[in-house]
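> Please find one structure pasted underneath; my questions will follow.
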Amino acid sequence: MDLSVRIGSLALKNPIIAASGCFGYGVEYADVVDLESLGGIAVKGLFLAEREGHPAPRIVETPAGMLNAIGLQGIGVRRFIHEKLPELRARKAIVIVNICGTTVDEYVELARILSDAEGVAALELNISCPNIKEGGITFGCSLRGTFDVVSAVRKVTGLPILPKLTPNVTDVASFARAAEEAGADAVSLVNTFLAMVIDVETRRPKISNVVGGLSGPAIRPIAVRMVYECRQAVKIPIVGMGGIANARDALEFMIAGAAAVQVGTANFVDPFIWPKLFGGIRDYMQRHQIARIADIVGTVDTRARDNEWISS
Amino acid sequence: MDLSVRIGSLALKNPIIAASGCFGYGVEYADVVDLESLGGIAVKGLFLAEREGHPAPRIVETPAGMLNAIGLQGIGVRRFIHEKLPELRARKAIVIVNICGTTVDEYVELARILSDAEGVAALELNISCPNIKEGGITFGCSLRGTFDVVSAVRKVTGLPILPKLTPNVTDVASFARAAEEAGADAVSLVNTFLAMVIDVETRRPKISNVVGGLSGPAIRPIAVRMVYECRQAVKIPIVGMGGIANARDALEFMIAGAAAVQVGTANFVDPFIWPKLFGGIRDYMQRHQIARIADIVGTVDTRARDNEWISS
Amino acid sequence: MPIDAAAEVIANHPLSTDYNVLALAAPAIAAAAAPGQFVMVKAGAGHDPLLRRPFSVFEVLRDERGAPTGISLLNKRIGVSTDLIYKAQPGERIACLGPLGRPFTVVDSPTEAWMVAGGVGLAPFATLAEALRARGVRSTLFYGARRAQELFHLDFFRGLGVELVLTTEDGSLGERGRVVTPLERRLAAQSAAAPVMIYACGPEGMLAAAATTAARFDRPCQVSVERIMGCGLGGCYSCVVRMRNGHGGLHHVRSCIAGPVLPGNQIVWD
Amino acid sequence: MPIDAAAEVIANHPLSTDYNVLALAAPAIAAAAAPGQFVMVKAGAGHDPLLRRPFSVFEVLRDERGAPTGISLLNKRIGVSTDLIYKAQPGERIACLGPLGRPFTVVDSPTEAWMVAGGVGLAPFATLAEALRARGVRSTLFYGARRAQELFHLDFFRGLGVELVLTTEDGSLGERGRVVTPLERRLAAQSAAAPVMIYACGPEGMLAAAATTAARFDRPCQVSVERIMGCGLGGCYSCVVRMRNGHGGLHHVRSCIAGPVLPGNQIVWD
Ligand SMILES: Cc1cc2nc3c(=O)[nH]c(=O)nc-3n(C[C@H](O)[C@H](O)[C@H](O)COP(=O)(O)OP(=O)(O)OC[C@H]3O[C@@H](n4cnc5c(N)ncnc54)[C@H](O)[C@@H]3O)c2cc1C
Ligand SMILES: Cc1cc2nc3c(=O)[nH]c(=O)nc-3n(C[C@H](O)[C@H](O)[C@H](O)COP(=O)(O)OP(=O)(O)OC[C@H]3O[C@@H](n4cnc5c(N)ncnc54)[C@H](O)[C@@H]3O)c2cc1C
Ligand SMILES: Cc1cc2nc3c(=O)[nH]c(=O)nc-3n(C[C@H](O)[C@H](O)[C@H](O)COP(=O)(O)O)c2cc1C
Ligand SMILES: Cc1cc2nc3c(=O)[nH]c(=O)nc-3n(C[C@H](O)[C@H](O)[C@H](O)COP(=O)(O)O)c2cc1C
Ligand code: FES
Ligand code: FES
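Residue numbers (numbering that gives the first Met the number 0), protein chains in the order written: chain A, 0 to 311; chain B, 0 to 311; chain C, 0 to 269; chain D, 0 to 269.
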């Protein structure tokens with residue numbers, strides 16, 4: 000059985016990637032899962048500088064989901080390269096670095112620095128984080144901003160680049176198109192949905208940043224729809240995510256059009272989920288006599304069943 | 000304790016309204032709940048003509064939510080007026096008629112017809128149904144379309160009008176503003192999120208219409224955030240909804256900025272929910288010594304807790 | 000008016016690795032239920048699963064004096080709620096709303112009643128058989144399943160004097176094959192003058208075959224349809240069945256309030 | 000390396016209408032756990048609740064020969080998961096990941112150990128008291144609760160030779176008021192030369208008071224902090240505590256891996 004997939008020039012041994020912000024810098028999980036066994040690891044979003052992020056409370060559970068506003072606490076790109084990358088390299092992890100800036104120049108600078116580092120497989124451009132004040136999602140909510148960030152980064156790196164799209168837009172497919180036109184190798188979607196939970200007893204928001212990003216199974220049906228829409232709109236591969244909690248969910252995204260998937264929140268619920276995902280996909284391939292998992296990508300059958308009719 | 004609220008010129012005895020499409024034409028529930036006890040009833044979306052809607056399957060359960068594509072099956076406005084409105088009137092229900100058209104003229108025509116009918120308290124303009132091909136959501140996803148429908152209807156009716164906004168947009172507050180400028184008395188939000196579920200065994204969508212609308216607790220944190228955003232943007236009242244399943248949830252929407260709320264999916268789970276909601280709100284008012292429920296509207300306290308800081 | 004009972008689980012009898020019978024204390028629902036009606040059951044607390052699920056009333060439970068005390072469900076596990084119902088423990092409480100829907104119209108002697116059940120579609124026929132027996136109606140149950148071990152409660156029906164015609168897909172009991180085959184043979188053998196009412200409940204394919212066969216022999220057929228139901232009360236329009244009206248037109252009816260029992264000859268089978 | 004056990008519930012002892020002790024079969028976790036470590040528990044199947052919750056290892060359970068067989072949790076119900084844990088039935092399986100986090104540093108004699116517990120903050124002190132006893136460390140437990148009925152396992156600590164200083168908010172047992180009051184009195188009375196290690200676990204306000212008081216008397220204080228945790232493994236950055244570093248700078252540390260036991264004098268209390 001062949002579980003390998005391609006995301007542009009990036010060959011992955013399987014389609015399961017750890018989602019950014021949900022797997023630390025990868026090294027935190029080295030005890031729990033063989034990092035080499037993963038299709039890839041999207042590390043926690045990095046800025047140029049170190050950041051302390053928002054005060055606690057930073058998360059709150061919601062129905063079948065969670066809201067977070069971490070505020071991109073992080074060690075900055077240089078410490079990442081010196082303190083984390085060597086171990087990731089030693090463990091033969093496929094490292095996708097998720098980068099975030101407040102200006103186009105910052106993205107460019109990050110891309111330059113990381114292109115020179117050894118052991119970076121691809122760059123995921125986080126233009127969709129709902130939890131910071133400037134940059135990030137403001138690019139991701141504007142077609143022009145998306146195009147500008149992607150094309151500027153394209154000019155300075157030979158690494159595969161995957162802009163990560165926000166679902167907080169009217170027409171996500173147009174953003175996938177803008178990314179494709181600007182030279183992206185693939186698009187990742189979805190980042191979290193901007194959301195809010197209020198404690199009615201205190202009438203205060205449950206997280207310190209007032210609003211945060213919603214992830215987890217709750218959002219899965221919306222994310223699947225968005226992957227499906229983007230699949231019609233662009234030729235570049237799609238990395239799909241949002242609420243994947245088991246192999247069935249991963250397959251659903253692939254059938255909708257994702258060449259690979261990422262798993263975030265579910266890793267919090269079950270850090271031993273990875274071999275279960277691989278096993279579940281293998282079972283499915285066996286049951287359906289599918290030799291190459293790449294063959295199911297985008298195969299959803301939406302032939303209309305005579306849809307609307309009027310009584311006579 | 001005073002549970003009454005106002006939505007513009009419309010006075011409601013309490014802030015709990017049955018959401019459109021989740022309470023039939025009201026009469027179906029006359030055995031289960033005293034219709035007069037509700038703040039109001041938003042009846043199932045009506046077109047001018049009868050419609051048969053989509054074939055089954057029309058719904059599928061999702062994590063803490065449900066996806067539906069009913070396709071606005073309905074008896075049309077004239078049969079509604081003759082067959083349902085008299086009973087609703089007799090039972091002293093406050094009737095909010097949810098109307099849907101494929102052109103501006105159809106909304107105008109519906110508004111004209113209903114303005115002449117006896118027993119209609121308000122019109123909710125459904126410009127946000129994700130489950131039909133033309134009209135509906137296309138108006139709701141365009142500021143111009145929203146403005147045009149609302150201002151055209153405004154010209155022909157003295158009834159309170161509540162455009163119902165879709166959450167499938169980048170900036171819902173701008174739609175609330177467009178509605179306000181066009182003369183709306185209030186805005187209702189949110190309608191359902193466009194979403195999709197695929198059966199991985201058959202690789203076919205789980206519902207006949209391929210995509211449908213997501214409702215239920217899963218979407219609540221996003222809906223609360225949208226109500227909060229609209230509250231900053233407009234002066235007209237907001238009718239909030241999306242995943243309310245108990246009194247706490249209803250209060251959360253009110254504290255975020257909703258003058259009244261609607262309850263949809265939860266009525267399927269528990270058709271006897273209504274007195275429980277009233278009771279829960281009364282308990283809360285007692286516990287917090289609140290005399291008028293209207294006093295909590297929009298009182299969320301979002302004073303910044305020193306939000307972002309950088310290590311030194 | 001339907002009742003929402005926080006029904007206590009009295010007993011849970013496993014019948015196989017997939018099937019069980021769950022006995023629930025719900026006197027008011029039991030007292031009101033007619034054969035063919037259903038209840039909407041909320042399995043588990045919280046939002047997973049979120050919606051209730053429809054289940055036929057299988058048995059009406061009674062105390063020594065014959066007073067209704069509860070109902071039982073014949074449950075087949077196929078997903079999250081049916082799995083929770085399979086595992087439910089005595090003492091637990093399960094919200095149970097009912098009785099709902101239009102019941103079977105029970106015929107009178109000398110009309111014969113032929114019940115056609117596929118798998119878990121047996122559920123509504125226990126109470127129907129009792130009602131038929133009370134009216135002295137001669138009854139036959141055509142009952143098909145995958146294998147012998149999945150043909151349940153045969154002695155119960157025998158005890159009511161119901162004739163049994165059994166089929167299994169693997170031939171392990173009764174005739175090998177589908178249950179509509181002996182039905183069709185019996186219809187062909189029956190005198191056209193002898194009145195017969197056919198009742199059918201089971202998978203959609205079986206219902207279509209039973210209804211079409213009945214129509215071919217000009218026999219009335221009441222089918223109990225199975226649709227995914229959001230509310231069970233006519234509120235959501237999820238459970239529609241496409242039907243022909245008198246004038247050749249088609250329309251969608253809500254099977255939770257117009258059904259689940261519907262005239263087989265008016266249903267448009269896909 | 001943490002273990003994820005599908006731990007069977009062995010027993011559930013209710014202590015009050017809010018508190019219970021849940022015994023779980025988890026030998027590998029039990030064998031590895033050190034005082035102050037915690038486990039991440041997934042209550043209920045499915046997505047409601049979704050995330051695991053952190054619980055201190057309360058007791059390490061052992062068989063006749065002293066081999067570890069499982070752990071128990073001291074649970075106080077305040078929401079959905081703790082409610083499910085309160086109601087858990089023997090035979091159920093509960094996913095339990097651990098042991099996690101940095102344990103207490105156990106002192107040696109002649110240093111005295113003073114444990115300060117508020118409410119359910121008692122949980123990590125049962126195993127700590129055992130470890131202290133094994134090293135012959137003289138120990139005192141300052142333990143406060145709302146009322147007498149919520150002071151648990153006193154005999155257990157007495158049996159280990161731990162001196163008890165009790166307080167209740169309503170004065171129904173021990174001194175009336177907060178637990179930090181007698182701690183402060185005792186600190187003031189103690190000779191500055193006699194070495195003391197303070198351990199604290201309980202509500203944030205109590206921890207801040209204990210840590211501040213300890214610092215005022217120049218005593219080291221290990222506090223076990225309580226943050227909402229998404230993962231327990233350092234993956235989500237939800238559980239941060241604001242701390243001072245050596246140079247007057249502030250930074251956020253992840254209490255699940257740098258803690259839950261942290262040096263009280265470096266924490267910035269809000
Ligand atoms: C009027 C009526 C009476 C019924 N009586 C009984 C009964 O007595 N005993 C019994 O065991 N079952 C009965 N059913 C079927 C029962 O409602 C379903 O098996 C149940 O809803 C499945 O719930 P779940 O959570 O276990 O499955 P889910 O996890 O919701 O779904 C599992 C799979 O089954 C499919 N599915 C879900 N519901 C249905 C359905 N209604 N029909 C077909 N496929 C479905 C789903 O699409 C999914 O693929 C009845 C249904 C109706 C409409
Ligand atoms: C390291 C550690 C060890 C712990 N040990 C124990 C223990 O031994 N026994 C025990 O009973 N509890 C312990 N707790 C606390 C326990 O984790 C929480 O009570 C639990 O997460 C609540 O879950 P719930 O689903 O019942 O509440 P929820 O339904 O999730 O929440 C109910 C309410 O409590 C608030 N809340 C949720 N989690 C916390 C939290 N961690 N701190 C403060 N408020 C919270 C929520 O905001 C909400 O208002 C420990 C916590 C930590 C971090
Ligand atoms: C705690 C947390 C932190 C996250 N941090 C990042 C981040 O740094 N960069 C990023 O692109 N996405 C981040 N995300 C979004 C996830 O990568 C993912 O897009 C989203 O959670 C949806 O997937 P899921 O439902 O599987 O979690 C974060 C999500 C969570 C829950
Ligand atoms: C089955 C179903 C049918 C609906 N039909 C309509 C409709 O006809 N008109 C409308 O404006 N909204 C309709 N809605 C949307 C609801 O009124 C409501 O906006 C949405 O479901 C969110 O609220 P909830 O989570 O409480 O259900 C429908 C929703 C459902 C679930
Ligand atoms: S199940 Fe809701 S209308 Fe029939
Ligand atoms: S709980 Fe996830 S980092 Fe600490």
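By construction, the Cβ of each residue, glycine as well, lies at the ideal position given by its N, Cα and C atoms. Model, not experiment: these values are computed from the prediction.
Starting from the beta carbon of C/Asp47, find every residue of chain A whose beta carbon is closer than 9 Å, and list them in chain order.
Pro62, Ala63 and Pro216
> To the nearest angstrom, report how far apart D/Gln148 and D/Thr166 are at their CA atoms.
12 Å
> Consider the C-beta atom of D/Asp229 and the heavy atoms of ligand 6; say whether any pair is separated by less than 7 Å.
Just to set this straight, residue 229 of chain D is Gly in the shown sequence, not Asp. Yes, the beta carbon of D/Gly229 sits closer than 7 Å to at least one heavy atom of ligand 6.
> Counting contacts by CB-CB distance shorter than 8 Å, is B/Phe174 in contact with chain A?
no
> Less than 8 Å between C-beta atoms, sequence neighbours within five positions excluded: which residues of the same chain meet that for C/Lys75?
Result list for C/Lys75: Asp17, Tyr18, Thr81, Gly118 and Val119, in chain order.
> Reducing DSSP to helix, strand and coil, say where C/Arg157 ends up.
helix
> As a quick exercise: from B/Ile136, B/Asp198 and B/Val196, pick the residue whose alpha carbon is nearest that of B/Phe174.
B/Ile136
> Can you tell me whether A/Pro159 is helix, strand or coil according to DSSP?
coil
> Looking at the C-beta of D/Ser190, does it have a partner C-beta in chain A at a distance below 8 Å?
Taking Cβ atoms only, chain A never reaches closer than 8 Å to D/Ser190, which makes this a no.
> Please look up how many angstroms separate the CB atoms of B/Leu158 and B/Ile237, rounded, as I've assumed it's under 8 Å.
No, B/Leu158 and B/Ile237 are not in contact; Cβ-Cβ is about 18 Å, not under 8 Å.
> Can you list the beta strand (DSSP E) stretches of 3 or more residues lying completely in the stretch 109-181 of chain C, in chain order?
If only uninterrupted beta strand (DSSP E) runs of at least 3 residues are considered, those enclosed by the stretch 109-181 of chain C are 111-117, 138-144 and 162-167.
> For D/Leu127, I'd like the list of residues in its chain whose CB is within less than 6 Å of its CB, leaving aside the five on either flank, ordered along the chain.
Pro34 and Phe103
> Is it buried or exposed, D/Ala66, if we count other Cβ atoms within 10 angstroms and call 16 or more buried?
exposed
> Answer yes or no: the CB of D/Ser237 versus the heavy atoms of ligand 6, is any distance below 7 Å?
yes
> How would you write the range of the beta strand (DSSP E) that C/Phe54 sits in, first residue to last?
Arg52 to Ser55
> In three-state DSSP terms, what is D/Gly234?
coil
> Please name the residue in B/Ala92, B/Ser150, B/Cys128 and B/Ile95 whose C-alpha comes closest to that of B/Val103.
B/Ser150
> Where does A/Met225 fall in DSSP's three states?
helix
> What is the rounded straight-line gap between the Cα of B/Ala183 and the Cα of B/Tyr106?
14 Å
> Should D/Val79 be counted as a contact of ligand 2 given a C-beta to heavy atom distance under 7 Å?
yes
> Taking the alpha carbon of D/Asp47 as the point to measure from, which residue in B/Val26, B/Pro270, B/His53 and B/Thr61 has its own alpha carbon closest?
B/Thr61
> Is A/Trp308 helix, strand or coil when you go by DSSP?
At A/Trp308, the pLDDT of 41 sits below 50, so the modelled position is not reliable and the matter cannot be decided from this model.
> When you compare only the Cα positions, how much space is there between B/Ala89 and C/Arg243?
33 Å
> Which whole-angstrom value describes the C-beta separation of B/Thr191 and B/Leu213, a residue pair presumed to lie in contact below a C-beta threshold of 8 Å?
5 Å
> If contacts are defined as beta-carbon pairs under 8 Å, then B/Trp296 and A/Met195 qualify, I think. What distance do you get, rounded to the angstrom?
Strictly speaking, residue 296 of chain B in this sequence is Val, with Trp absent from that position. Not really, about 16 Å apart at Cβ, beyond 8 Å.
> Relative to the C-alpha of D/Ser171, which candidate in D/Gly158, D/Leu150 and D/Ala214 has its C-alpha closest?
D/Leu150
> At a cut-off of 7 Å, would you count B/Leu71 as near ligand 4, judging by its Cβ distance to the nearest heavy atom?
yes
> So for C/Val8, helix, strand or coil by DSSP?
Residue state, collapsed to three classes: strand.
> Would a check of beta-carbon distances place C/His251 closer than 8 Å to chain B?
yes
> So the alpha helix (DSSP H) A/Arg77 belongs to, where does it begin and stop?
Note, A/Arg77: alpha helix (DSSP H), Gly75 to Arg78.
> Would you give the residue range spanned by the alpha helix (DSSP H) that A/Ile98 belongs to?
No alpha helix (DSSP H) holds A/Ile98; the beta strand (DSSP E) holding it covers Val94 to Ile98.
> Grab the span of the beta strand (DSSP E) containing A/Gly212 for me, first residue to last.
Gly211 to Ser214
> When you compare the CB of C/Met0 with every CB in chain B, is at least one pair closer than 8 Å?
yes
> Which residue from B/Lys12, B/Ala29, B/Val4 and B/Val42 puts its Cα closest to that of C/Leu232?
The residue with the shortest Cα to Cα distance from C/Leu232 is B/Ala29.
> What do you reckon, is the C-beta of A/Asn167 under 7 Å from a heavy atom of ligand 3?
no
> Which residues in chain A have a C-beta closer than 9 Å to the C-beta of D/Leu50? List them in chain order.
Those within 9 Å of D/Leu50 in chain A are Ile58, Glu60, Met65, Gly215, Thr264, Phe267 and Val268.
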